[in-house]
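Written below as structure tokens is the structure these notes are about.
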Amino acid sequence: MGSSSNVIEVNDQNFAQEVLQTDTPVLVDFSASWCAPCKRLAPIVDEIAAETAGQVKVVKLDVDQSPAAAQRFGIRGLPTVVAFQKGEPVGRHIGLTNKKTLLALLGR
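Numbering (our numbering), first residue to last: 1 to 108.
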């Protein structure tokens, strides 16, 4: 899964450090390499990461490679994007969507 330099690849080992233990708002893209809608969402996520660099941390997690984090947050459909504030999920969208909807999860 290719992604822009502004999107951080996370996994089960560093999820807590990168997402839950930061004061920065975080947008997590739960996806998988085989998921066609995930691939179509990736450029939108990359664009948000570029536009909000320094204000929002944008991360991507492959649910096949890191199932524990996906299971912990009840990810059942892909793609699922979850916004976190101070380690708590504050918004969620399941399925392909647009930039406006994802920014709204972050309160922007």
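Beta carbons: idealized from backbone N, C-alpha and C, even for Gly.
Note that the coordinates shown come from a computational prediction; the quantities given were computed from them, not determined experimentally.
Return helix, strand or coil for residue i, following the three-state DSSP convention.
i	result
Phe15	helix
Thr101	helix
Pro89	strand
Ala83	strand
Ser3	With a pLDDT of only 49 at Ser3, under the threshold of 50, the placement of this residue in the model should not be trusted; the figure read from the coordinates follows. Residue state, collapsed to three classes: coil.
Assuming residue i and residue j form a contact by the criterion Cβ under 8 Å, report the distance between their Cβ atoms to the nearest whole angstrom.
i	j	result
Thr80	Phe30	5 Å
Ala112	Asp12	Lying before the first or after the last residue shown, residue 112 is absent from the chain, which here runs from 1 to 108.
Gly77	Ile94	5 Å
Ala50	Asn6	5 Å
Asn98	Ile48	About 11 Å; that fails the 8 Å criterion.
Gly91	Gln21	The pair is not a contact, with the Cβ atoms about 19 Å apart (cut-off 8 Å).
If the criterion is Cβ atoms closer than 9 Å, does the pair residue i and residue j meet it?
i	j	result
Arg40	Leu96	yes
Ala36	Val63	no
Which ranges would you report for the beta strand (DSSP E) in the region 20 to 63 if only whole runs of at least 3 residues count?
26 to 31, 57 to 62
Tell me whether the region 53 to 66 and the region 20 to 30 touch, counting them as touching only if at least three CB pairs, one residue from each stretch, are closer than 8 Å.
yes
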